[in-house]
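Have a look at the structure below before the remarks.
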Amino acid sequence: MGSKIAVIGAGVTGLVTLKNLLEESFDVTAFEGRHAIGGLWKYTSDGGILSVLEMTISNKSRFEVSYTDFPYPEGSPIFPSGAEVQNYLESYAYNFDLLPHIQLQMKVLKVVRNHDDTKWTLHLRDRNGPETTDDFDKVAFCSGEWGRPKMPVSVSLFKGELIHAQQFKKPSKFKGKAVVVLGIGNNAADIATALVGHASKIYLAHRDGRPGDLAITRRVLDFRYTLNAISPIASEGFFNMVIQSLTKRASMCHQPTVSDNLCSHLEDGSIISKHNVKKFVGQNTITFTDSTTAEIDALICCTGFTRDFTLIPELRTTERDAWSEKPKSDGQPLPRLYQNIFPPSRSDSIAFLNNFNFSTGYMLIADLASMALAQVWKGNSQLPSVGEMNQQIDAHHAWLTKLVERETVHSDFVQEESWLRWCHDAAGTGINENLGYRLAGWGFWARERKLSGLLMGGVETPFAIRFFDGKRKKWAGARQAIIDVNKEVSRL
Numbered sequence: 000m001g002s003k004i005a006v007i008g009a010g011v012t013g014l015v016t017l018k019n020l021l022e023e024s025f026d027v028t029a030f031e032g033r034h035a036i037g038g039l040w041k042y043t044s045d046g047g048i049l050s051v052l053e054m055t056i057s058n059k060s061r062f063e064v065s066y067t068d069f070p071y072p073e074g075s076p077i078f079p080s081g082a083e084v085q086n087y088l089e090s091y092a093y094n095f096d097l098l099p100h101i102q103l104q105m106k107v108l109k110v111v112r113n114h115d116d117t118k119w120t121l122h123l124r125d126r127n128g129p130e131t132t133d134d135f136d137k138v139a140f141c142s143g144e145w146g147r148p149k150m151p152v153s154v155s156l157f158k159g160e161l162i163h164a165q166q167f168k169k170p171s172k173f174k175g176k177a178v179v180v181l182g183i184g185n186n187a188a189d190i191a192t193a194l195v196g197h198a199s200k201i202y203l204a205h206r207d208g209r210p211g212d213l214a215i216t217r218r219v220l221d222f223r224y225t226l227n228a229i230s231p232i233a234s235e236g237f238f239n240m241v242i243q244s245l246t247k248r249a250s251m252c253h254q255p256t257v258s259d260n261l262c263s264h265l266e267d268g269s270i271i272s273k274h275n276v277k278k279f280v281g282q283n284t285i286t287f288t289d290s291t292t293a294e295i296d297a298l299i300c301c302t303g304f305t306r307d308f309t310l311i312p313e314l315r316t317t318e319r320d321a322w323s324e325k326p327k328s329d330g331q332p333l334p335r336l337y338q339n340i341f342p343p344s345r346s347d348s349i350a351f352l353n354n355f356n357f358s359t360g361y362m363l364i365a366d367l368a369s370m371a372l373a374q375v376w377k378g379n380s381q382l383p384s385v386g387e388m389n390q391q392i393d394a395h396h397a398w399l400t401k402l403v404e405r406e407t408v409h410s411d412f413v414q415e416e417s418w419l420r421w422c423h424d425a426a427g428t429g430i431n432e433n434l435g436y437r438l439a440g441w442g443f444w445a446r447e448r449k450l451s452g453l454l455m456g457g458v459e460t461p462f463a464i465r466f467f468d469g470k471r472k473k474w475a476g477a478r479q480a481i482i483d484v485n486k487e488v489s490r491l
């Protein structure tokens with residue numbers, strides 16, 4: 000199999016995939032439809048393009064949101080702004096000389112097999128030019144803009160302003176208006192809080208969601224108190240199990256909403272929490288599921304995106320089975336991808352690096368996944384047989400289908416522990432072997448007690464992934480970066 004590779008997208012995932020493939024001596028070109036790298040972190044006022052807002056602040060710290068061999072500049076804010084994350088991405092591309100390998104304003108229209116079934120043909124169009132084609136041996140899909148905005152049904156009566164969150168750019172456009180923000184995810188929280196001081200009324204309408212401290216009920220507490228009277232050790236174990244299960248459920252089924260000021264705005268009435276929208280009963284009158292009504296001027300739908308795999312029509316990547324029959328699957332296609340990355344029949348030439356959802360830092364995950372991809376395509380790590388990959392996919396789909404019986408689950412969720420273990424093994428990071436309680440782990444502890452303590456009990460830093468010898472490229476600065484980040488955190 001040849002080594003000419005196309006990377007679709009030059010955002011967070013596309014940049015690091017390009018870099019990790021180039022490190023393994025592949026001939027790689029990245030195609031980005033926008034005028035700049037950075038993906039959604041590059042702000043644009045164009046309502047047809049998803050981007051951060053001008054006031055966006057990362058809800059993850061820079062200790063977690065960084066690549067594995069490129070720290071943020073010294074003195075950077077702990078929670079960087081959207082513009083600061085974009086500057087970081089641009090510095091990363093410059094530092095690793097990625098820009099000569101990126102074609103900007105080049106939209107990929109579709110990816111199909113060529114006539115003799117030896118390569119993938121990309122149909123391309125630049126901003127003002129005609130459609131062109133180019134052939135590649137392999138293609139990595141890294142674009143985040145691969146879904147269609149989901150809009151609510153039955154809004155034909157509404158004559159006010161109706162937009163998707165993607166189109167929201169400036170809160171000043173809603174000055175003096177009564178606005179419903181539909182949803183309660185991070186995007187909805189950002190938009191609702193941004194509207195404070197501009198909109199005359201802000202309603203945050205949502206199906207569910209509650210503070211994490213409300214998940215402990217009297218029944219749970221009474222059981223714990225009784226158990227504590229009998230056996231304090233058993234009581235502590237039970238309580239730890241309950242807390243752990245709550246955390247797993249939150250990160251598995253829903254990304255938790257993180258906002259510095261949403262709660263304070265709800266408390267002072269700047270934002271009004273409402274039940275979900277039931278229907279429109281007039282040109283500007285909305286009814287909520289608790290039967291209350293409101294007169295509004297605008298509805299902003301923070302309702303996410305529907306995944307779309309039609310860019311590569313020749314591959315069967317979606318499964319229509321028990322998953323799609325569950326009402327809470329919400330019309331999401333379920334891709335048949337081994338480790339949510341590889342279509343079994345084309346695993347040697349197609350990879351999706353935009354189809355896994357994690358609670359941890361997205362830059363770290365994109366870096367690790369693309370390291371694994373590079374080692375698989377280089378031949379240093381082997382995938383199972385097609386039959387074994389399909390068995391793993393069937394088991395994963397059964398797990399997701401069981402979850403979605405209870406509540407809405409994103410189809411890109413993975414079982415984090417097993418997925419990360421596979422990625423570390425495939426990438427050859429040495430993490431699985433050297434950190435833990437097996438013989439090699441004890442050996443590392445004996446040789447490097449201070450560093451072992453930092454890696455096992457300190458900050459869960461991305462730089463650890465580049466420290467040990469292995470298949471992927473090692474970073475000489477990893478040791479010092481691990482020490483530095485732990486020192487900085489200890490001073491906070």
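If you're matching positions, the sequence shown starts at 0 in numbering that gives the first Met the number 0 and goes up one per residue. We put the beta carbon where it would ideally sit given N, CA and C, even for glycine.
Test item: CB-CB of residue i and residue j under 8 Å
i	j	result
Phe69	Leu156	no
Gly32	Lys106	yes
Asp329	Thr256	no
Ile4	Phe140	no
Pro326	Phe308	no
Thr428	Gly456	no
Asp483	Tyr66	no
His205	Asn275	yes
Ala177	Glu294	yes
Leu121	Val110	yes
Leu20	Gly143	no
Leu372	Tyr337	no
Leu203	Ala187	yes
Pro151	Thr16	no
Ile430	Ile481	no
Met370	Arg471	yes
Ile340	Ala350	yes
Ala297	Phe173	yes
Cβ-based burial, residue i [other Cβ within 10 Å; buried from 16]
i	result
Trp441	exposed
Leu500	Outside the displayed span of the chain (0 to 491) sits residue 500, for which this structure offers no information.
Glu459	exposed
Asp320	exposed
Asn260	exposed
Trp55	At residue 55 the sequence reads Thr, which differs from the Trp that was named. Flag for Thr55 reads buried.
Ser272	exposed
Leu491	exposed
Ile392	buried
Asn94	exposed
Arg335	buried
Gln479	exposed
Glu23	buried
Ala477	buried
Lys18	buried
Rounded distance between the beta-carbons of residue j and residue i, thought under 8 Å
i	j	result
Thr292	Glu63	The pair is not a contact, with the Cβ atoms about 43 Å apart (cut-off 8 Å).
His34	Leu103	6 Å
Ile201	Ala164	Not quite, the Cβ-Cβ distance comes to about 14 Å (not below 8 Å), so this is no contact.
Leu37	Gln85	The sequence given here has Gly at residue 37, not Leu. Indeed they touch by this definition, with Cβ atoms about 5 Å apart.
Leu453	Asn485	5 Å
Pro343	Val403	Actually they are not in contact, since the Cβ atoms of Pro343 and Val403 sit about 23 Å apart, beyond 8 Å.
8 Å Cβ cutoff, residue i in contact with chain B
i	result
Ala445	Given the protein chain composition of this structure (a single chain), no chain B is represented.
Straight-line Cα distance separating residue j from residue i
i	j	result
Val11	Ser44	20 Å
Leu181	Phe443	51 Å
Phe287	Glu266	20 Å
Lys149	Ile183	15 Å
Lys137	Thr400	31 Å
His423	Leu450	19 Å
Val488	Leu14	28 Å
Leu314	Lys118	14 Å
Asn127	Ser60	39 Å
Phe462	His114	44 Å
Ile311	Leu108	9 Å
Ile77	Val27	33 Å
His396	Trp322	8 Å
Cys300	Phe355	23 Å
Val413	Ala29	26 Å
Met388	Ala425	15 Å
Thr192	Trp376	45 Å
Val51	Lys41	7 Å
Pro72	Phe135	36 Å
Ser348	Asp133	15 Å
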